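Student: Residue numbers (our numbering): 133 to 358.
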Amino acid sequence: MSTGVIRGTDMLKRLTEVPRIRGNLIVISGPSGSGKNSALAAVRSKVPDLVYSISATTRRPREDEIDGVHYFFLTREEFLAMKDAGAFLETAEFCGNLYGTPRSFVEGKLDAGEDVIMDIEIRGADQVRAKMPDAVTIFLMPPSLAELEARLAKRGADSPEATRRRLRKAIEEIPAVLKYDYVVLNYDLEQAAEQIRSIIVAERARVGRCDCEHFIRGFEMESQIF
Ligand code: 5GP
């Protein structure tokens, strides 16, 4: 994403996309079972240069989850020590477990001009919005509660009691959609992923986030040889 040391009229000719001042932070929230993981996997396969922010959690790993890939799995003590050291951008307790976004990774990538995508629940998204008002927030809406229950049951990762807790939580979470920039209905995974991809691509082209001065200078220089 860096513009390097391209000078003069070459500056324009060598670019294939508008250089950006900073990467975008894309926040995806939605009730547990709304399909965030599958939608994110589909989006990441479609969008180049999209970095996934790996969260830390005190939840126990599910069968197919790998430490350092899906989450950084920490003990409560480890998590709280990191929190005290100011290492998290945001944290929240969700269904009895702590979750948090490691701060330095996200900031480093954004500073390097890369887009970062994160999957966090609604209170964490509130904290991100307060600290980074430019964050692009997307709420993934499940089609119905019945569908949500079916998806959670199919996933089979939680006990019946934990599934009930997640469903109750989902009912509480839906009205939070009003605080988000975008809402995407996840009725069909491919369609939802395509909509999220379009949002990310469109947000990359916002004038305020692009180095348009680069073009203005380049065109000024080029105009001198016309
Ligand atoms: P799960 O236990 O199903 O992986 O995640 C439970 C909830 O925690 C999901 O809504 C997910 O978006 C959220 N979550 C995952 N990582 C983070 C994080 O770093 N911060 C916050 N606030 N929520 C997270």
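Every residue gets a Cβ at the ideal spot worked out from N, C-alpha and C, and that includes glycine. Predicted model only: the values in this text are computed from it and were never measured.
Going by DSSP, what residues sit across from C342 in a beta bridge?
Tutor: R152
Student: Tell me T233's beta-bridge partners as DSSP assigns them.
Tutor: E222
Student: Could you compute how far the alpha carbon of I74 sits from the alpha carbon of F271?
Tutor: Given a span of 133 to 358 for the chain in the structure shown, any question on residue 74 remains unanswerable.
Student: In the structure shown, what three-state DSSP assignment does I160 receive?
Tutor: strand
Student: According to DSSP, is L272 part of a helix, a strand, or is it coil?
Tutor: strand
Student: Do N318 and ligand 1 come close, with the Cβ less than 8 Å from some heavy atom?
Tutor: Answer for N318: no, Cβ out of range of ligand 1.
Student: Taking 8 Å as the threshold, find out whether the region 236–251 comes into contact with the region 157–170 through three or more Cβ pairs.
Tutor: yes
Student: Tell me, which residues are paired with S187 by DSSP?
Tutor: Y203
Student: With the cut-off set at 9 Å, would you say T295 and V260 are in Cβ contact?
Tutor: no
Student: For D247, list the residues DSSP reports as bridge partners.
Tutor: L182
Student: Could you compute how far the alpha carbon of S134 sits from the alpha carbon of A213?
Tutor: Only weak support exists for where S134 lies, its pLDDT of 43 falling under 50; the coordinates are left without a value.
Student: Quick check on DSSP: helix, strand or coil for L147?
Tutor: coil
Student: Helix, strand or coil, according to DSSP, for Q356 in the structure here?
Tutor: coil
Student: CB S170 to CB V238, shorter than 9 Å?
Tutor: Their beta carbons are not under 9 Å apart, which means S170 does not touch V238 by this criterion.
Student: Hey, out of C227, G240, K263 and K241, whose CA is closest to E253's CA?
Tutor: C227
Student: Given a cut-off of 9 Å, decide if V309 and N156 are closer than it, judged by their beta-carbon atoms.
Tutor: no
Student: Skipping 5 residues on each side, what residues in its chain have a beta carbon closer than 6 Å to that of E222?
Tutor: T233, G256, Q259 and V260
Student: Is the beta carbon of R298 sitting closer than 9 Å to the one on G167?
Tutor: No, these two residues do not count as a Cβ contact at 9 Å.
Student: Considering only residues of the same chain and omitting the five flanking positions on each side of V137, which have a CB-CB separation below 7 Å?
Tutor: Any reading at V137 needs caution, since the residue's pLDDT is 42, under 50, leaving its predicted position unreliable; the model's value is listed next. Residues of the same chain with a CB within less than 7 Å of the CB of V137, apart from the 5 flanking positions on each side, do not exist.
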